[in-house]
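Using the numbering used here, the first residue of the sequence shown is number 18, and each one after it goes up by one.
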Amino acid sequence: MSQSSSPEKTSLLEVDDLSVQFGGIKALDQVSFKVWPRSVCGLIGPNGAGKTTLVNCVSRIQPPTRGDIRLKGRSVLAHRQYEMAGMGVLRTFQNLASFAHLPVWHNVLIGAHCQGSSGYIAALFGSRQQRAEEKEIEARALLAMDRLSLTEHASTPVGQLPAGVQRRVEMARALAAGPRLLLLDEPAAGLTPGELEQLAQHIHRLRDEDGISVLLIEHNMNLVMNVCDELVVLDFGRVIAKGSPDEVREHPEVLRAYLGEPA
Ligand SMILES: Nc1ncnc2c1ncn2[C@@H]1O[C@H](COP(=O)(O)OP(=O)(O)O)[C@@H](O)[C@H]1O
Ligand SMILES: [Mg+2]
């Protein structure tokens with residue numbers, strides 16, 4: 018649910034005046050918006066609008082040319098890409114990125130291991146602390162598989178599953194790492210209408226039962242309108258509209274840019 022009406026609440030993610038320049042191309046141009054705790058924010062816009070670049074900035078793959086990105090009020094720009102998972106920022110990729118020959122269970126365990134803290138010596142001697150941690154890791158992976166309805170596929174190699182299920186494996190791997198903010202880059206690409214419906218339900222479960230915020234990049238307007246609490250619309254790297262799905266749906270700039278209709 019949207020919490021933008023409660024100004025005293027701290028945003029989970031704040032993108033502030035963010036710009037990225039690739040040579041002569043302004044991939045992002047002074048982009049500002051907030052994502053609230055326990056909410057789903059949709060990031061939409063035509064191809065080349067800058068959506069993936071923005072997610073790359075938040076996950077610290079792409080350094081911005083200017084501006085700031087804050088997590089619970091603190092800049093993440095001093096942190097490296099590999100530190101972001103530990104700070105609760107997890108993502109999936111536009112192209113499927115699972116280990117196709119490994120079973121679902123192993124793919125999800127890899128995510129759960131991100132949160133492990135036992136050191137090398139503990140691992141060497143198989144300390145009690147380490148065994149307890151292994152149990153915890155397995156429990157997190159089991160829960161993540163359950164949340165994304167993957168339990169029945171646990172031992173199937175990911176490459177043998179339909180695209181819709183493979184997308185859920187990626188989400189489960191990210192979920193097992195304990196995110197506060199999940200960045201999903203076009204998770205609906207190639208899904209059937211039935212799988213789209215399921216995806217919407219799974220995203221709502223992550224928000225409502227796990228208290229996670231989701232930044233969802235998506236082309237499918239039905240899904241976006243259905244699943245998001247708030248929307249940010251990018252066009253040529255600029256924010257041209259933001260607000261509730263109902264507000265954005267009627268926005269003349271959005272009709273022109275996104276749906277190709279005259280303003
Ligand atoms: N690494 C890069 N080098 C140069 N140009 C890039 C790079 N990544 C993206 N771009 C350009 O930046 C713009 C935004 O791209 P992108 O973020 O992938 O858009 P979207 O995900 O909305 O389709 C496009 O014009 C794209 O060609
Ligand atoms: Mg993209």
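Positions of the beta carbon are idealized from the N, C-alpha and C atoms, including for glycine.
Identify, in the order they occur along the chain, each residue of the same chain with its Cβ nearer than 8 Å to the Cβ of residue i, setting aside the five sequence neighbours on each side.
i: residue 202; result: 68, 69, 72, 108, 109, 110, 111 and 234
i: residue 261; result: 19, 246, 247 and 248
i: residue 78; result: 98
Please list, in chain order, all residues of the same chain as residue i whose beta carbon is under 7 Å from its beta carbon, the five residues on each side excluded.
i: residue 82; result: 36, 37 and 38
i: residue 271; result: 250, 257, 258 and 265
i: residue 76; result: 98, 101, 106, 108 and 200
i: residue 225; result: none
i: residue 28; result: 51, 52 and 53
i: residue 89; result: 27 and 29
Go through its chain and collect everything with a Cβ distance to residue i's Cβ below 6 Å, but skip five positions before and after it.
i: residue 33; result: 49, 84 and 85
i: residue 125; result: 158, 161, 162, 189, 190 and 193
i: residue 43; result: 254
i: residue 93; result: 86
i: residue 243; result: 217
i: residue 31; result: 51 and 87
i: residue 172; result: 120
i: residue 186; result: 115, 121, 124 and 175
i: residue 117; result: 175 and 176
i: residue 168; result: 162
Shortest alpha-carbon distance to residue i belongs to which of the options?
i: residue 105; options: 42, 227, 258 and 218; result: 227
i: residue 45; options: 65, 239, 211 and 154; result: 65
i: residue 180; options: 225, 213 and 58; result: 213
i: residue 123; options: 248, 177 and 155; result: 155
i: residue 128; options: 58, 146 and 103; result: 103
i: residue 220; options: 78, 241 and 236; result: 241
i: residue 198; options: 26, 223 and 47; result: 223
i: residue 248; options: 47, 267 and 61; result: 61
i: residue 215; options: 169, 164 and 170; result: 164
Residue i and residue j: beta carbons closer than 7 Å?
i: residue 56; j: residue 246; result: yes
i: residue 115; j: residue 175; result: yes
i: residue 196; j: residue 229; result: yes
i: residue 232; j: residue 74; result: no
For ligand 4, is there a heavy atom less than 6 Å away from the beta-carbon of residue i?
i: residue 254; result: This structure does not include ligand 4; its bound ligands are ligand 1 and ligand 2.
Item to check | Under 6 Å, CB to nearest heavy atom of ligand 1: contacting residues | outcome: 39, 42, 44, 62, 64, 65, 66, 67, 68, 69 and 70
Item to check | Complete runs of the beta strand (DSSP E) confined to the region 195 to 276 [at least 3 residues] | outcome: 198 to 202, 230 to 234, 247 to 252 and 255 to 260
Checklist entry - Taking the runs of the beta strand (DSSP E) that are 3 residues or longer, which of them lie wholly in the region 28 to 101? => result 30 to 39, 42 to 52, 57 to 61 and 83 to 88
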